[in-house]
DNA sequence: GGGCGGGCGGGAG
DNA sequence: ACTCCCGCCCGCC
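Numbering (full-length UniProt numbering), first residue to last: 1 to 270.
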């Protein structure tokens, strides 16, 4: 390590100076306006264009072009109504956004969820893990965050998701096989799911037979019907279950990938 | 099979 | 602070 000699008389301790300089060095202001104002851009995605607001903290707000009637002023106004801050046009999209929307892999994106409560952030963090082409029930999200009875509150939190599509709350569906409500309306939710090849017709058909889980009698593993692994079960080995207890009685254990019916015990907290 | 109450977080008053 | 009310729900009648 290089030590630069400094005269000691009257100046602050060297380690303090170094700490201050290090803080500046690791967090350089890219530009003053980028630090104060959020920026916005419009990007093309396979499911339609998106308006995206972001700062150096991450992506903070998303609307579909469809939802704002293809009108950027509607987007800007909706941002201002929620955040009470202005928005500047960006020179370029935030890092990683273009490949993320092109491939549908939005998980590595950085988000600025600072306005949200801990509960809402927990809900969105879990939701962000749901792979494209798969769905999970609201109750699953509730269990995953350790609040198994807060099912409806999960819906409320997802309804306030500031970054829909990128944090895929459209992949959280009702337990009876219908997609359920959505910020941009149920039909937008259904369209997004179909675009990522979720077989909603099959899910609905299974649900009508009271089948909400699928297992393979060759592996003894049970999954949500849209799980990547469930979709590989051949017809003759596929077993349907109404609930995870029934599957367990038949000797099936939950898939480690889609984690159906994870028992979490009592809710955490007050 | 839909209606009903349980359940819970958050915001309004 | 406390109550009331609403909401992308759930599962049992």
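Note that CB positions come from ideal geometry on N, CA and C, so glycine has one too. Model, not experiment: these values are computed from the prediction.
Under the DSSP definition of a beta bridge, which residues are partnered with residue 215? Numbered from 1 along the first chain, position 215 holds the residue referred to as residue 215. Under the DSSP definition of a beta bridge, residue 215 partners with 222, 239.
Restricting to Cα atoms, I'd like to know which of 81, 216, 250 is closest to residue 235. Indexing the first chain from 1 puts residue 235 at position 235. Out of 81, 216, 250, 216 has the C-alpha closest to the C-alpha of residue 235.
Check whether residue 128 and residue 167 have beta carbons under 7 Å apart: Within the first chain, the letter at position 128 stands for residue 128. Within the first chain, the letter at position 167 stands for residue 167. Cβ distance < 7 Å, so residue 128 and residue 167 count as in contact.
Leaving out five residues before and five after residue 26 in sequence, what residues of the same chain have Cβ atoms less than 8 Å from its Cβ? Sequence index remark: in the first chain, residue 26 carries index 26 (1-based). Reliability of the predicted coordinates at residue 26 is poor, the pLDDT of 43 falling under 50, and no value is obtained from them.
Per DSSP, which residues does residue 64 bridge with? Please list them. As a position in the first chain, residue 64 is number 64, starting the count at 1. DSSP lists 50 as partners of residue 64.
State the Cα-Cα distance for the pair residue 157 and residue 117, rounded to the nearest angstrom. Taking the first chain and counting its residues from 1, the one referred to as residue 157 is at position 157. Taking the first chain and counting its residues from 1, the one referred to as residue 117 is at position 117. Each residue's Cα considered, the two are about 9 Å apart.
Separation of residue 41 from residue 24, as counted between CA atoms: As a first step, residue 24 is located in the first chain; it is residue number 24 there, counting from the start. As a first step, residue 41 is located in the first chain; it is residue number 41 there, counting from the start. Summary for residue 24: the model assigns pLDDT 47, below 50, so the residue's position carries little reliability; its value from the coordinates is reported in the next sentence. Going by the C-alpha atoms only, they are around 28 Å apart.
For the alpha helix (DSSP H) holding residue 39, just list the boundary residues, first then last. Locating residue 39 in the first chain gives position 39, where the first residue counts as 1. That residue, residue 39, is in no alpha helix (DSSP H); its beta strand (DSSP E) goes 38-43.
What would DSSP say about residue 89, mapped onto helix, strand or coil? Counting from one through the first chain, the residue named residue 89 turns up at place 89. In the structure shown, residue 89 sits in a strand (DSSP, three-state: E or B).
Can you check the region 131-207 for any alpha helix (DSSP H) of at least 4 residues that lies completely inside it and give the ranges in chain order? You should have 138-144, 151-159, 186-195.
Output yes or no for whether 7 Å exceeds the beta carbon distance between residue 213 and residue 184. Counted from its first residue, the first chain places residue 213 at position 213. Counted from its first residue, the first chain places residue 184 at position 184. No. Outside cutoff.
State the Cα-Cα distance for the pair residue 146 and residue 126, rounded to the nearest angstrom. By 1-based counting over the first chain, the position of residue 146 is 146. By 1-based counting over the first chain, the position of residue 126 is 126. Residue 146 and residue 126 have their alpha carbons spaced roughly 11 Å apart.
Assuming contact is defined by CB atoms lying nearer than 7 Å, are residue 197 and residue 133 in contact in what I supplied? Counting from one through the first chain, the residue named residue 197 turns up at place 197. Counting from one through the first chain, the residue named residue 133 turns up at place 133. Less than 7 Å divides the Cβ of residue 197 from the Cβ of residue 133.
Would you mind stating whether residue 135 and residue 173 have Cβ atoms separated by less than 7 Å? Mapped onto the first chain, residue 135 falls at position 135. Mapped onto the first chain, residue 173 falls at position 173. In contact: residue 135 and residue 173 (Cβ atoms closer than 7 Å).
Beta-ladder partner(s) of residue 259, from DSSP: What you label residue 259 is simply residue 259 of the first chain in a count that begins at 1. Answer by DSSP bridge pairing: none, since residue 259 is not bridged.
From the DSSP secondary-structure annotation, give me the bridge partner or partners of residue 254. Here residue 254 refers to the residue found at position 254 when the first chain is read from its first residue. Partner(s): 222.
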